[in-house]
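Undergrad: So that we are looking at the same thing, I have put the structure below in C-alpha cells.
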C-alpha cells in the first residue's frame, strides 16, 4: 500500500519541491518527470494537478494527501482535513484596479476568480456589487471596461503594476496547506504520519528514509 500525494502544478509546485528538498526528501524523480503528470516510486505515488482539482482528488479519496493553496480551500470549501500550514505559497487577496480619486457612480462591477471570497468581503463592508466570474487574467477586466475593479490573489504585485493597476485594499493572507482525505487519515495513518511530521514547519528537518 502506497501513499498517494497530489501536488499543485505551476509556481506552487516549484516552491513545494524546494521545500521538500530542504526537509531531506529526494525530489529528483519529480523534478526530472518531464511532461509526466504522475510519478510512481517504491514508496509514493505523486501526481500534479490544478489547485482546485487537487482539493477534489483529495476529497474523493483519489489522493490521500494534497498540497494546495489556502485560497482554494477558502473559496471552494472542500470536505477535506486541513492539516498544517506550510511556509511557502505566501500571497494576499486584494481589491485592485485602475488608480483614480473618483469613486464610480452607482453599483460597482467586480471581476474575480473568487466570487465566494469577494462576495463575503463586500458583504462585510456593507456594499452591494455585481460580480463577474472570470477564469483567466482578471487584470484585463478593468482595462477593457468589463469591471470597475478586481478581487484577486497578489503575490509580488508585478502583474498589476505592468498593467497599470494598483492594490486598493488587502484583506486576506494565504499560504500553502497540507490537506488529507478524511478516510485515509484513519486507514493510512501509519503511512501518513512520517510524511506529515517531516514537512511540518514547526519540526526540525530530518533524514527521510522513504524518498519521493
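In the UniProt record's numbering, the protein residues as written are 1 to 212. Using N, Cα and C, we set each Cβ at its ideal position, and we do this for glycine too.
1. Which residue comes first and which comes last in the alpha helix (DSSP H) that contains residue 186?
2. Where does the unbroken alpha helix (DSSP H) through residue 70 begin, and where does it stop?
3. Could you tell me whether the Cβ atoms of residue 44 and residue 84 are closer together than 8 Å?
4. Specify the secondary structure class of residue 11 as computed by DSSP and reduced to three states.
5. Return helix, strand or coil for residue 88, following the three-state DSSP convention.
6. If I'm right that residue 149 touches residue 106 with Cβ under 8 Å, what's the distance once you round it to whole angstroms?
7. Count the C-beta pairs between the region 21 to 29 and the region 133 to 142 that are closer than 8 Å, then say yes if the count reaches three, no if not.
8. Specify, as a first and last residue, the run of the beta strand (DSSP E) that residue 169 falls within.
9. So, using beta-carbon positions, are residue 231 and residue 93 closer together than 8 Å?
10. How about residue 37 and residue 199: are their beta carbons less than 8 Å apart?
11. Under three-state DSSP, which class holds residue 49?
12. Going by beta-carbon coordinates alone, are residue 160 and residue 166 separated by less than 8 Å?
13. Quick one: give me the first and last residue of the alpha helix (DSSP H) that residue 158 is part of.
14. Roughly how many whole angstroms lie between the Cα atoms of residue 170 and residue 114?
15. Nearest-angstrom Cα distance between residue 9 and residue 168?
16. Is it the case that the Cβ atoms of residue 91 and residue 154 are separated by a distance below 8 Å?
TA: Looking at the atomic coordinates:
1. Along the chain shown, one-based indexing puts residue 186 at 186. 184 to 187 is the span of the alpha helix (DSSP H), which, as asked, contains residue 186.
2. As a position in the chain shown, residue 70 is number 70, starting the count at 1. Looking at the DSSP string, the run of the alpha helix (DSSP H) that includes residue 70 is 70 to 76.
3. Along the chain shown, one-based indexing puts residue 44 at 44. Along the chain shown, one-based indexing puts residue 84 at 84. Contact annotation: residue 44 and residue 84 have beta-carbon atoms that are not nearer than 8 Å.
4. Working through the chain shown from its first residue, we reach residue 11 at position 11. DSSP places residue 11 in the helix class (H, G or I) of the three-state scheme.
5. Within the chain shown, numbered from 1, the residue matching residue 88 stands at position 88. Reduced to three states, the DSSP call for residue 88 is coil.
6. Here residue 149 corresponds to residue number 149 of the chain shown, with the count starting at 1. Here residue 106 corresponds to residue number 106 of the chain shown, with the count starting at 1. Actually they do not touch by this definition, with Cβ atoms about 14 Å apart.
7. Not touching, per the Cβ criterion.
8. Here residue 169 refers to the residue found at position 169 of the chain shown. Residues 166 to 174.
9. Lying outside 1 to 212, the shown extent of the chain, residue 231 is not represented and no answer is given.
10. The residue you call residue 37 lines up with position 37 of the chain shown. The residue you call residue 199 lines up with position 199 of the chain shown. No. Outside cutoff.
11. Mapped onto the chain shown, residue 49 falls at position 49. Three-state DSSP puts residue 49 in a strand.
12. Along the chain shown, one-based indexing puts residue 160 at 160. Along the chain shown, one-based indexing puts residue 166 at 166. Yes.
13. Taking the first residue of the chain shown as 1, we reach residue 158 at position 158. Counted as a single uninterrupted DSSP element, the alpha helix (DSSP H) harbouring residue 158 occupies residues 158 to 162.
14. Position 170 of the chain shown, counted from the start, is the residue given in the question as residue 170. Position 114 of the chain shown, counted from the start, is the residue given in the question as residue 114. Taking the straight line joining both Cα atoms gives about 14 Å.
15. As a first step, residue 9 is located in the chain shown; it is residue number 9 there, counting from the start. As a first step, residue 168 is located in the chain shown; it is residue number 168 there, counting from the start. Each residue's CA atom was taken as its position, placing residue 9 and residue 168 some 29 Å apart.
16. Position 91 of the chain shown, counting from 1, holds the residue named residue 91. Position 154 of the chain shown, counting from 1, holds the residue named residue 154. Going by beta carbons, residue 91 and residue 154 fall inside the 8 Å limit.
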